[in-house]
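A short write-up of the structure that comes next.
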Amino acid sequence: MRQKRLLVAWCAILSVGSISAATAQDTAKAALAPPAVVSPADKTAIQIFEKQVKDYVALRNKVRENAPKLSKDSTPEQIQAYRTALELSVRNARPNAKRGDVFRPEAADYIRRTLKNEFQGQDRKELRETVLETETQGVVLRVNYPYAQSAELSEMPATLLAKLPQLPKEVRYRFVGRNMLLVDRESNVIIDFMPDALP
Amino acid sequence: MRRLYIHKFLIALLISSALSCPAFAQQRATNNAHGAAPKLTLPLKDGSLRFAVMGDTGSGSAKQREVGDMMVQYHQAFPFEFVLMMGDNLYGGEAPQDFEKKFAEPYKALLDQKIKFYATLGNHDLALQTHYENFNMNGKEYYRFKKGNVAFYSLNSNYMDKKQVQWLEDELSRDTSEWKVCFFHHPPYSSAKKHGSDSQLRDVVEPIFVKYGVDVVLTGHDHVYERIKPQKGIYYFVSGAGGQLRTGDVKETSPLIEKSYDRDMHFMLFEVVGDQMYFQAISRTGETIDSGVIARRKK
Chain U
3 MRQKRLLVAW CAILSVGSIS AATAQDTAKA ALAPPAVVSP ADKTAIQIFE
53 KQVKDYVALR NKVRENAPKL SKDSTPEQIQ AYRTALELSV RNARPNAKRG
103 DVFRPEAADY IRRTLKNEFQ GQDRKELRET VLETETQGVV LRVNYPYAQS
153 AELSEMPATL LAKLPQLPKE VRYRFVGRNM LLVDRESNVI IDFMPDALP
Chain D
4 MRRLYIHKFL IALLISSALS CPAFAQQRAT NNAHGAAPKL TLPLKDGSLR
54 FAVMGDTGSG SAKQREVGDM MVQYHQAFPF EFVLMMGDNL YGGEAPQDFE
104 KKFAEPYKAL LDQKIKFYAT LGNHDLALQT HYENFNMNGK EYYRFKKGNV
154 AFYSLNSNYM DKKQVQWLED ELSRDTSEWK VCFFHHPPYS SAKKHGSDSQ
204 LRDVVEPIFV KYGVDVVLTG HDHVYERIKP QKGIYYFVSG AGGQLRTGDV
254 KETSPLIEKS YDRDMHFMLF EVVGDQMYFQ AISRTGETID SGVIARRKK
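As given, the protein sequences belong to chains U and D, one line each in that order. Last residue of the first sequence: number 201 in our numbering, and the count goes up by one each step with no gaps. Last residue of the second sequence: number 302 in our numbering, and the count goes up by one each step with no gaps.
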């Protein structure tokens with residue numbers, strides 16, 4: 003009888019353990035899920051945004067051919083030469099680039115609403131703390147010019163990135179205060195930025 | 004007068020030959036700048052895997068160089084094969100002179116001995132560091148390599164996008180290595196006041212670590228040393244004071260702390276012997292601030 007009770011107790015402990023492990027997995031999956039409801043208008047805004055990004059990537063990859071090749075074991079001088087050449091080539095290739103070219107009003111509005119809806123309560127507090135603790139003094143928000151090398155980069159949490167439209171590997175989201183930037187991963191050039199993105 | 008000159012010359016000659024004498028040179032190398040010989044707590048077993056860990060190094064300060072010098076001295080007593088870097092490899096700029104002053108010069112003696120450095124990116128590091136010849140990242144922001152029976156995963160915790168999470172899960176799911184060690188910049192657990200635990204990162208990576216049997220997680224970001232009480236069977240370390248220090252930054256009352264140190268800069272040494280992983284944390288002045296052994300998780 004005593005052995006039976008012990009067996010039941012062990013089964014209960016094991017099942018609680020497996021439920022909590024499963025819950026942790028589910029929590030992680032939910033945190034990484036894209037926004038659940040996307041209206042047709044938002045879908046169109048996202049498609050236009052993604053096309054603008056894609057066009058930028060096509061252009062920068064084309065002009066990148068002007069930059070010296072960069073191997074996987076480069077010297078600091080080669081890295082600097084590549085970064086500078088890419089930065090100049092990108093700037094020259096989009097002389098009329100201005101704020102709002104990629105973050106068009108509809109896409110910017112979608113991003114603002116998504117972040118506001120998806121991050122509430124404690125999640126929002128933590129997101130704000132993570133982003134706003136970043137020391138970004140020296141960053142001048144100017145399209146087509148690089149993010150200051152001396153400034154810190156804001157951490158972009160996985161839970162946040164999962165809610166935003168997905169980007170190709172050449173482009174990154176980044177925060178400066180409540181402004182959201184699109185930055186070229188290699189040249190560090192600011193492609194575009196939108197104000198008041200962070201809820 | 005002439006005799007005095009001859010005496011001075013002879014004394015100078017004597018000092019110079021003593022300094023160049025191999026026995027004296029070795030003695031100088033064995034004793035650190037603060038007069039004490041390296042005190043190893045590691046077993047130094049034949050055929051073991053040995054490596055060092057340092058984080059938040061790239062300040063270019065005199066104290067960073069002193070930590071580098073201490074690593075050289077310990078390398079003589081404990082020949083480690085490679086060094087893991089926890090990110091913030093270069094603060095405040097990435098011109099060629101920054102690579103020189105903040106990395107190549109402080110660790111020149113180790114680089115000259117062909118010690119490999121494996122870097123991860125911190126919140127002060129630009130993506131093109133992945134192409135730097137001495138960081139061995141092969142152009143990748145996240146990568147895996149294997150040494151002996153240990154698989155190492157370097158992650159980019161600054162930009163944990165879906166692709167990276169998927170890559171990590173895919174790689175770990177088919178990894179049959181006996182030991183799995185992940186290293187990245189932001190600590191999922193930390194008792195430091197400045198940053199502390201990165202719970203958003205933890206929510207995403209910890210279930211994967213637990214599911215696929217990661218044994219040890221090494222991080223930086225907070226400029227202190229901390230060994231966290233094992234969490235869900237995983238050993239977490241914060242080693243973020245290789246070139247920066249926040250004195251008094253550890254919340255002493257934190258329930259996470261197994262051991263912490265925030266009075267000086269430090270680096271770490273590890274030795275893997277079968278199912279045991281030995282570790283030793285060493286301060287800039289050569290003091291042992293923590294040591295112990297980790298048993299491999301049952302899988």
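Using N, Cα and C, we set each Cβ at its ideal position, and we do this for glycine too. Just so we're clear, the structure is a prediction, and the values are computed from it rather than from any experiment.
Put simply, the CB of residue 97/D is near chain U, with a gap under 8 angstroms to one of its CB atoms. Using a Cβ distance threshold of 8 angstroms, residue 40/D and residue 86/D do not count as a contacting pair. Under the Cβ criterion (8 angstroms, minimum of three pairs), the region 81-95 of chain D counts as touching the region 118-135 of chain D.
Per DSSP, reduced to three states, the secondary structure at residue 111/U is helical. Burial is judged here by how many other beta carbons sit within 10 angstroms of a residue's own beta carbon; residue 161/U has at least 16 and is buried. When beta bridges are read from the DSSP output, residue 281/D appears opposite 274/D, 296/D.
Per the C-alpha coordinates, the member of 213/D, 182/D, 217/D positioned closest to residue 280/D is 182/D. Within the region 71-126 of chain U, the complete alpha helix (DSSP H) segments at least 4 residues long are 78-95, 107-120, listed from N- to C-terminus. Membership of residue 263/D in the beta strand (DSSP E) is indicated by the continuous run 260-264. Neighbours of residue 69/D across chain U, judged by C-beta separation under 9 angstroms, do not exist; the nearest C-beta is about 23 angstroms away. If you draw a 10 Å sphere on the C-beta of residue 47/U, you find 16 or more other C-beta atoms in it, and that means buried. The Cβ atoms of residue 63/D and residue 91/D lie no closer than 8 angstroms to each other.
Counting C-beta pairs with one atom in each stretch, the region 188-207 of chain D and the region 224-243 of chain D have three or more that are closer than 8 angstroms, which means they touch.
In this structure, the CA atom of residue 99/D is about 18 angstroms from the CA atom of residue 68/D. When DSSP reads this structure, residue 269/D sits in a beta bridge with 286/D. Contacts with chain U at 8 angstroms (Cβ-Cβ) do not include residue 158/D.
Nearest to residue 219/D by alpha-carbon distance, out of 235/D, 225/D, 108/D, 134/D, is 235/D. Chain U places no beta carbon closer than 8 angstroms to that of residue 239/D, leaving this residue out of the contacts. A Cβ-Cβ contact shorter than 8 angstroms links residue 124/D with residue 159/D. Remark: C-beta atoms of residue 165/D and residue 252/D do not approach each other more closely than 8 angstroms. Around the Cβ of residue 207/D, a 10 Å sphere holds 16 or more other Cβ atoms; the residue is buried.
Nearest CB-CB separation between residue 86/U and chain D: not below the 8 angstroms threshold. Within chain U, 74 have C-beta atoms less than 7 angstroms from the C-beta of residue 141/D, given in sequence order. Excluding sequence positions up to five before and after residue 126/U, its CB lies within less than 7 angstroms of the CB of 201, all in the same chain and listed in chain order. In the structure shown, the three-state DSSP call for residue 193/U is strand. The C-beta of residue 33/U has 16 or more other C-beta atoms within 10 Å across all chains shown, which makes the residue buried. Rounded to whole angstroms, the Cβ separation of residue 94/D and residue 134/D is 19 angstroms, and the two are not in contact under 8 angstroms.
Listed as beta-bridge partners of residue 228/D by DSSP are 242/D, 264/D. Inter-residue distance for residue 254/D and residue 212/D is about 26 angstroms (C-alpha atoms, whole angstroms). The continuous beta strand (DSSP E) containing residue 156/D extends over residues 153-157. Among the residues of chain D, none has a CB under 9 angstroms from the CB of residue 48/U; the nearest is roughly 16 angstroms distant. Contact note: residue 158/U reaches chain D through 161, 162, 163, 164, using a C-beta cutoff of 9 angstroms and chain order. In this structure the region 103-119 of chain U touches the region 162-171 of chain U; the number of beta carbon pairs closer than 8 angstroms is three or more. Under DSSP, residue 149/D takes part in a beta bridge, and its partners are 154/D.
Residues of the region 184-196 of chain U that bring their beta carbon within less than 7 angstroms of a beta carbon in chain D comprise 187, 188, 190, in sequence order. Here residue 205/D is buried, its C-beta having at least 16 other C-beta atoms within 10 Å.
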